[in-house]
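All remarks here apply to the structure that follows.
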Amino acid sequence: MKKKARNNVRMSKFFLVLALFVFLVIGARVSQIAFAKTIDGVDLSELATKRTTKTETLKATRGTIYSSDEAVLAQNVSSYKLIAYLEEKRTTDPKRPQHVVDKEATAKALAPILEMGEADILALLSKDVYQTEFGSKGRGLTEITKEKIEELNLPGLDFIETQKRYYPNGDFLSYTLGYAKTEITEENDGTKENIVGELGLEKYYDDLLKGTDGSITYQKDLKGYKIANTKEVRKDAENGKDIYLTIDSNIQFFVEQALKEADSKHHYEWFTFLVADAKTGKILASSSTPSFDPNVRDLTNYLDYNTAFPYEPGSTMKIFTYMAAMENGVYDGNETYHSGVYTTTDGTEIGDWNRDGWGDISYDRGFALSSNVGVINLIERHMNQTMLKKYFKKLGFGSKTGIQLPNEASGKLTFKYETEVFNAGFGQGITTTPIQNIQALTSLTNDGMLLKPYLVEKIVDHETGEVLYQGKRKEITKVASTDTVNKIKQLMYDTVYGIGNTGSGFRMMGYNLIGKTGTSQIAAEDGSGYLPGADQVISSFAGIYPMDDPKVIIYASIKRPTNGYAKPIWDAVKSVVANISKYYGDEGSQDVVETISKFDLSSYINRNKDAVLAELSPKGITTIVLGDGDKIIDQYPAKKSTITSKDKVFLLTNGTNIALPDLWGWSKKEVETLSTFLPISISTSGSGYVTSQSLASGTIL
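Right under this line is the structure:
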């Protein structure tokens, strides 16, 4: 009888051990995950949070910069980024498509508006992605451009509203304001845009202006949407602070116009101009040319010539050399010396600008004639290197003034040997900045008290109205007696109004403008000496207006004027002084200062023209009406825009006859805005404000 075979399964010991090992590994891994905080460098708690929560940034609004008379100089405005949806699944109703349907037609329509090639746009629209953007051409779009695209009624196009920095007056006060630009970074949760100050006040006060972004964190579902009735953590954004400058927009305009007039008539490398309040040290105007438009950042130079670019000042420094002699008790204005040429102990010949000289003349006369030899004799007979350098330093030369701008330069006061000391006495071999000269000159308008120049009037919390900082007159130290001040002012008067003296080009009968001229040679970059040629100079003027009870201090310089001709600086200074005199009134009254008001615009489209003008006129807003129609069909700025009574509002009517306005005094930005409404193109040359136009105002276009 056969035995039944048993159904036995033989299992290898190897597989048993392997199974046990795998089980132990899995168990260990589960335990590690259960109890460990991080696995393979990954924070499990953070990972879980990211999968179930979402944090969105609440952007802070950058603060606004105003002039002292509350004209907006820099502000944030809405701009737009164009996007195109390419995913067909977005469309659920074929009659109302939500994606780009006809890519070729869309590319053709967008090309002229975005100033891009059709092929480039078509390539973007042909990507296999959910949505696409249009690069730099599709960002920072204005309200006008956005409306043009919307009028195309193309499906699949959308806009994301962003903020950008805008400077309403173009190149007005450009180097003082500087600029802030939008920086775009790619992060894990998408594209981030931040406005960052990179030059001027925008850079110096960047942290204060930009504020602090907030955030909102909430529970999300698998699709990324907020789960209803769940807790959210919100931290509100803290908007940037508003800055009010000491700049008077009217005086700034006088200076800008004077420099543009010089640009149109003369040739030179650069021209700088500063105006300060004589009693407080407030900077009322600051300009230089060539300039730039902060909206387009067409810079040729990144330094502010008024604060960050020291140069040899020339004979304006004689003011302070003479003051040093007076304050040290060694000056006798009637003492005489022989003018013309002086030979130092090492054989170096230093001459007056008139090397033949004027014979034996007094130190007083030498000041008015801007005699270098007079300064040399004064130093050689009565002064020394220590006395001169100590007084220059007391006035602030060789040190930063602390003006509220980045990159301020200290200049240099390095002179030791005989020829170096003589040269320093008439402003050669040392370097200063215009802002340092303004500071030193405040001693002559405040009975010998040196004042600190300043640029910021106040800093205000926009939300609460709280004044966080208040600028004020700041006395540094007493540097001169009343007798010294009066004597120097008389010498400056003689320089301008005396017969045959160097300042006669600045003579303004009835205005009592006083000052001192300066002409410094330009040193070769290789250190080999000074460059030859009549135009290798920097001409400067240090002025006070008026002599009695001064209101303003002026410091202006021009580099390499043609043949060294000083007429550009004469004309500019006199133009500014004449305008300031009218602005302040015959008795110095400032009652004529215009009050600047702010308004939020309504929508005027489809409204009666006369009714709109009746609404805007009482507010003092300048309206530019284009066309002879009776109904408004377009406007700029758009509704809800905040403007001031100094801004222009453009209203396009349904009339067919459009007359060209008188553009004199318009900014380049305003001309560009106008061109978007006109049937002709407008080309401009130069920068700043319009001084002439090829078509007469009133020409029907």
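Numbering (the numbering used here), first residue to last: 52 to 752. Where is the CB? At the ideal position from N, CA and C, for every residue including glycine.
Continuous alpha helix (DSSP H) stretch holding residue i: start and end
| i | result |
| --- | --- |
| H433 | 423-433 |
| R416 | 414-419 |
| N488 | 485-492 |
| A376 | 369-378 |
| W621 | 618-635 |
| F304 | 300-316 |
| D534 | 533-548 |
| M438 | 436-445 |
| T470 | 469-476 |
| D258 | 257-261 |
| L195 | Checking the sequence, you will find Ile at residue 195 rather than Leu. Element bounds for I195: 194-201. |
Beta strand (DSSP E) segment containing residue i, residue limits
| i | result |
| --- | --- |
| S591 | 588-596 |
| Y217 | 208-217 |
| S130 | 123-136 |
| Y828 | Any question about residue 828 goes unanswered here, given that the chain covers just 52 to 752. |
| A607 | 603-610 |
| V700 | 699-704 |
| I684 | 683-687 |
| G566 | 565-572 |
| S338 | 334-340 |
| E400 | 400-402 |
| K649 | 649-651 |
Residue burial classification, residue i (beta-carbon count within 10 angstroms, cutoff 16)
| i | result |
| --- | --- |
| E363 | buried |
| R432 | exposed |
| E721 | buried |
| N204 | exposed |
| I550 | exposed |
| G639 | Note on G639: pLDDT 38, under 50, position unreliable in the model; the coordinate value appears next. By the neighbour-count rule (16 or more Cβ atoms within 10 Å), G639 is not buried but exposed. |
| Q641 | Here Q641 scores only 37 on pLDDT, less than 50, and its place in the model is too uncertain to base an answer on. |
| V644 | At V644 the pLDDT is 37, less than 50, meaning the model places this residue with poor confidence; the figure from the coordinates comes in the next sentence. It counts as exposed. |
| T546 | buried |
| E283 | exposed |
| D328 | buried |
| Q521 | exposed |
| T183 | buried |
| P361 | buried |
| S745 | exposed |
| S579 | exposed |
Closest residue to residue i among the options (Cα-Cα distance)
| i | options | result |
| --- | --- | --- |
| Y635 | G168, D299, L702 | D299 |
| E469 | L439, P669, P457, R216 | L439 |
| Y255 | Y217, D397, N458, D293 | N458 |
| D600 | A162, T496, R190 | T496 |
| L542 | F473, S579, Y373, T142 | Y373 |
| A156 | A170, D144, F701, P145 | A170 |
| I589 | Y581, G569, I605, Y596 | G569 |
| T707 | A747, I751, S718 | I751 |
| E117 | L252, M598, D534, A629 | Reading off the sequence shown, one finds Tyr at residue 117, where the question assumed Glu. Selected option, being the one with the closest Cα: L252. |
| N301 | G476, T553, L335, T340 | L335 |
| I294 | D498, S421, Q126, K525 | Q126 |
| K132 | D209, E514, V73, D179 | D209 |
| S591 | K188, I489, V603 | I489 |
| F443 | L492, D407, Y414, T331 | L492 |
| G332 | L664, K602, V676, S726 | K602 |
| Y616 | K316, Q303, A376 | K316 |
CB contact flag (residue i, residue j, <8 Å)
| i | j | result |
| --- | --- | --- |
| V627 | F371 | no |
| L175 | F185 | yes |
| N290 | T484 | no |
| I479 | T452 | Sequence check: residue 479 is Gln here, not Ile. No, the Cβ-Cβ distance between Q479 and T452 is not below 8 Å. |
| L506 | L456 | yes |
| I430 | F473 | yes |
| I510 | L259 | yes |
| E249 | T233 | no |
| L446 | L501 | yes |
| G425 | Y388 | yes |
| H150 | L165 | no |
| Q214 | I246 | yes |
For the 8 Å Cβ check, are there 3 or more pairs between the segment 114-123 and the segment 684-701? Contact holds: three or more Cβ-Cβ distances are below 8 Å.
Three or more C-beta pairs under 8 Å: does that hold for the segment 343-359 against the segment 221-228? Yes, the segment 343-359 is in contact with the segment 221-228.
So does the segment 677-690 actually touch the segment 650-658, counting three or more Cβ pairs closer than 8 Å? Contact between the segment 677-690 and the segment 650-658 is present, because at least three Cβ pairs lie under 8 Å.
The segment 385-396 touching the segment 549-563, judged by at least three CB pairs closer than 8 Å: The answer is no - the segment 549-563 does not touch the segment 385-396, with fewer than three Cβ pairs under 8 Å.
Validate contact between the segment 398-407 and the segment 434-450 using beta carbons, cut 8 Å, 3 pairs: By the Cβ rule, the segment 398-407 does not count as touching the segment 434-450, because fewer than three pairs are nearer than 8 Å.
So, do the segment 133-149 and the segment 102-111 have three or more beta carbon pairs nearer to each other than 8 Å? Segments in contact, no.
Counting pairs of Cβ atoms below 8 Å between the segment 576-586 and the segment 529-541, do you hit three or more? Under the Cβ criterion (8 Å, minimum of three pairs), the segment 576-586 does not count as touching the segment 529-541.
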